[in-house]
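Engineer: Each residue of the sequence shown is one higher than the last, beginning at 2 in this note's numbering. Beta carbons: idealized from backbone N, C-alpha and C, even for Gly. Remember, predicted model here, so these are calculated numbers, not experimental data. First, the structure itself, so that you have it in front of you.
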Amino acid sequence: MVDIARNQFRYLSDSAAQIEIVVGDARLSLESEAPQQFDVLAVDAFSGDAIPIHLLTPEAMDVYLRHLKPGGALLFHVTNRFLDLPPVVRALADARGLVTGLVSHSETDEEDRLHYASTDWMIVTANPALLETPAIKRVIQSVAARPDLRSWSDDFNNLYRILK
């Protein structure tokens, strides 16, 4: 995967940023790193039919927040054909007093639908002003709280409750 990312896609080689690729489980890798002070941390592992549940727990959220700069944003790719993941992310954020929003995109043009897939991302931040910036406010949607949804942990999850 690293070779494909480096050789087939130009965004890595074209970036002015210092890019370090770490191969392995994201949560375990971040747990062993010193805090990074990221502006944005994207968690993108949920689009398949076998999601890594350990990335959507309070324990995982603590790891992500430790690496996030104050006022930064966590982005969760929650596109999934079978599971309604936004309420799970919302519950994690609510438990920590963070704000959330859902950004969804799907092509309306028939030709574009052949080339692009729909995508859903949850933004999680301690900075409510971030969600009020014009570019975000224009496209963001709220996600309803689900009081019936027990927060997941490393010891508990309930996929049945979030089936679509």
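Leaving aside the five residues before and after V3 along the sequence, list all residues of the same chain whose C-beta is less than 6 Å from its C-beta, in chain order.
Structural biologist: To locate residue 3, count along the sequence shown from 1; it is residue 2. For V3, where only same-chain residues beyond five positions count, the Cβ hits under 6 Å are I22.
Engineer: First and last residue of the beta strand (DSSP E) that includes K70?
Structural biologist: Here residue 70 is taken as the residue at index 69 of the sequence shown, counted from 1. 69-78 is the span of the beta strand (DSSP E), which, as asked, contains K70.
Engineer: Contact defined as beta carbons within less than 8 Å: I believe V79 pairs with W122. What is the distance between those atoms, to the nearest angstrom?
Structural biologist: Walking along the sequence shown from the start, residue 79 turns up at place 78. Walking along the sequence shown from the start, residue 122 turns up at place 121. Contact flag correct, Cβ pair sits at about 7 Å.
Engineer: Once the 5 residues before and after S107 are set aside, which same chain residues still bring their CB inside 7 Å of it?
Structural biologist: Indexing the sequence shown from 1 puts residue 107 at position 106. Taken in chain order, the residues that qualify are S119.
Engineer: Where do the ends of the alpha helix (DSSP H) carrying D236 lie?
Structural biologist: Missing from the structure shown is residue 236; the chain here goes from 2 to 165 and no further.
Engineer: Restricting to Cα atoms, I'd like to know which of V100, R151, S154, R147 is closest to E133.
Structural biologist: Within the sequence shown, residue 133 is the residue found at index 132, counting from 1. Out of V100, R151, S154, R147, V100 has the C-alpha closest to the C-alpha of E133.
Engineer: Please classify Q19: does DSSP put it in a helix, a strand, or coil?
Structural biologist: Translated into positions along the sequence shown, residue 19 becomes position 18. Correct three-state label for Q19: coil.
Engineer: Kindly give me the distance between the Cβ atoms of V89 and L150, rounded to whole angstroms, as I take these residues to be in contact under 8 Å.
Structural biologist: Within the sequence shown, residue 89 is the residue found at index 88, counting from 1. Within the sequence shown, residue 150 is the residue found at index 149, counting from 1. Confirmed, Cβ separation roughly 7 Å.
Engineer: Under DSSP, the alpha helix (DSSP H) around L132 begins and ends at which residues?
Structural biologist: Against the sequence shown, residue 132 aligns to sequence position 131. Note, L132: alpha helix (DSSP H), 129-133.
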